[in-house]
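J.: Okay, here's the structure, questions in a sec.
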Amino acid sequence: MKYPLLALIKLYQWTISPLLGPVCKYYPSCSHYGYTAIDRHGAVKGTALTAWRILRCNPWSLGGVDHVPPRKRPRWHEMLRNAWRARKAGPSAAEPATEAKLHRESPSGPAAETSSHAQGA
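Each residue of the sequence shown is one higher than the last, beginning at 44 in this note's numbering.
The structure is reproduced here in structure tokens:
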């Protein structure tokens, strides 16, 4: 679905856009923004970004520079990458330290049972 949309935008840029002239208040123009958004983010998200851009390009808008946002990796990609790295590295040396830390955090003995206020009394 991505390529037919890109072809429609190119058709608009070659046929209708030269007749209208440079009327977009933003840089890059709305058609270039739409082409880049669909190419970078795919048909669904790119079309949504393009529709939002066209809604913002109105007579009350000041315009300016508005580039297509970069594509972000999904969260599951980071989780899989971290899991793969952990599996590839083997057992971690930090695991025995966490057990020792748990034993150190739980105080035992009579000093742990007395409160700090009772020492001066």
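The C-beta atom is built at its ideal place from N, Cα and C for all residues, glycine as well.
According to DSSP, is residue 87 part of a helix, a strand, or is it coil?
T.: Helix, per DSSP.
J.: According to DSSP, simplified to helix, strand and coil, what is residue 164?
T.: Because the pLDDT at residue 164 is just 49, under 50, the model does not fix this residue reliably, and the value given afterwards should be weighed accordingly. In the structure shown, residue 164 sits in coil (DSSP, three-state: anything other than H, G, I, E or B).
J.: Are the Cβ atoms of residue 76 and residue 96 separated by less than 7 angstroms?
T.: Cβ distance < 7 angstroms, so residue 76 and residue 96 count as in contact.
J.: Run through DSSP, which three-state label would residue 107 get?
T.: Strand at residue 107.
J.: Check each candidate in 54, 126, 127 and 47 and name the one with the smallest Cα separation from residue 82.
T.: With distances taken between Cα atoms, residue 82 lies closest to 47.
J.: Spell out whether any CB of chain D is found under 7 angstroms from the CB atom of residue 51.
T.: Of the chains in the structure shown, none is chain D; there is only one protein chain.
J.: If you follow the alpha helix (DSSP H) that residue 122 is in, where does it begin and where does it stop?
T.: It spans 118-132 - the alpha helix (DSSP H) in which residue 122 sits, taken as one unbroken run.
J.: Could you work out which residue in 120, 68 and 116 is closest to residue 84 when comparing CA atoms only?
T.: Of 120, 68 and 116, the residue nearest in Cα terms is 116.
J.: Span of the alpha helix (DSSP H) holding residue 53?
T.: First-last of the alpha helix (DSSP H) with residue 53: 45-58.
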